[in-house]
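Residue numbers (my numbering): 454 to 639.
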């Protein structure tokens with residue numbers, strides 16, 4: 454067939470492999486979001502965010518609908534989120550957020566990753582106190598936008614910080630307010 458065909462075939466296979474991996478991960482995220490908050494994207498902010506990620510990754514609408522249908526079935530595998538804590542070399546604190554259907558396998562894989570990199574897994578609560586679970590938004594500023602007025606409007610959402618940087622306005626808030634702030638900013 455020729456060298457040009459083989460090169461084109463190699464590029465396509467590489468791209469398709471990356472797309473398949475991404476689509477599988479997003480499908481699992483959709484299942485977990487639906488199990489946690491229901492199949493309605495208007496009421497489930499996490500599902501809405503995952504659907505935006507799917508759109509950004511050019512995931513076909515049929516695949517998203519198939520994942521939603523699969524999640525609403527009763528015999529779907531239940532993915533559970535697990536949090537692992539540990540230390541990397543030189544005492545750097547690390548938190549690993551995972552989603553798994555087999556906790557024993559995941560613990561073994563995470564422990565193996567820590568050991569390969571000369572780190573060690575900590576016990577529950579050994580590192581988590583050093584971190585805050587927050588959400589952040591970057592929005593573009595319009596001419597004449599008053600930063601103080603924006604901050605006063607966002608006070609109802611428990612926003613911690615609003616400040617201006619080169620790329621726009623940065624907003625920091627508690628993670629549980631993510632859906633409400635996203636809906637307000639839209």
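Ideal Cβ placement from N, Cα and C applies to all residues, glycine included. These numbers come from a predicted model, not from an experiment.
According to DSSP, residues forming a beta bridge with residue 545:
DSSP output for residue 545 lists no bridge partner at all.
Rounded straight-line distance, which links the Cα of residue 587 to that of residue 622
In a straight line, the C-alpha of residue 622 is about 16 Å away from that of residue 587.
Where in the region 524-612 do unbroken runs of the alpha helix (DSSP H), each at least 4 residues long, occur, reported from the N-terminal end onward?
List check, alpha helix (DSSP H) in window: 556-569, 600-606.
To the nearest angstrom, how far is it from the Cα of residue 577 to the Cα of residue 585?
Spanning the alpha carbons of residue 577 and residue 585 requires a straight line of approximately 16 Å.
Can the beta-carbon of residue 554 be found closer than 7 Å to that of residue 532?
Going by C-beta atoms, residue 554 is nearer than 7 Å to residue 532.
Cβ neighbours of residue 604 in the same chain (closer than 8 Å, five flanking residues each side left out):
The answer, listed in chain order, is 612, 615.
Do the CB positions of residue 574 and residue 582 come within less than 7 Å of each other?
Between residue 574 and residue 582, the CB-CB gap reaches or exceeds 7 Å.
Go through its chain and collect everything with a Cβ distance to residue 497's Cβ below 7 Å, but skip five positions before and after it.
The residues are 486, 490, 491.
How should residue 630 be labelled, buried or exposed, when 16 other C-beta atoms within 10 angstroms of its C-beta is the threshold for buried?
That one is buried.
Given this structure, state the Cα-to-Cα distance separating residue 559 from residue 459, to the nearest angstrom.
If I take the Cα positions, the gap works out to 38 Å.
Whole angstroms is fine: what's the gap from residue 517's alpha carbon to residue 543's?
The straight-line gap from Cα to Cα measures roughly 42 Å.
Sorted by chain position, which residues of the same chain lie with C-beta nearer than 7 Å to residue 548's C-beta, five sequence neighbours on each side aside?
In chain order, 536, 538, 580, 581, 584 place their CB closer than 7 Å to the CB of residue 548, counting only its own chain and leaving out the 5 sequence neighbours on each side.
Answer yes or no: do residue 504 and residue 494 have a C-beta to C-beta separation smaller than 7 Å?
Contact: yes.
When the Cα atoms are used, what is the spatial distance from residue 419 to residue 500?
Lying before the first or after the last residue shown, residue 419 is absent from the chain, which here runs from 454 to 639.
Cβ-based burial, residue 455 [other Cβ within 10 Å; buried from 16]
Exposed, since its Cβ has fewer than 16 Cβ neighbours within 10 Å.
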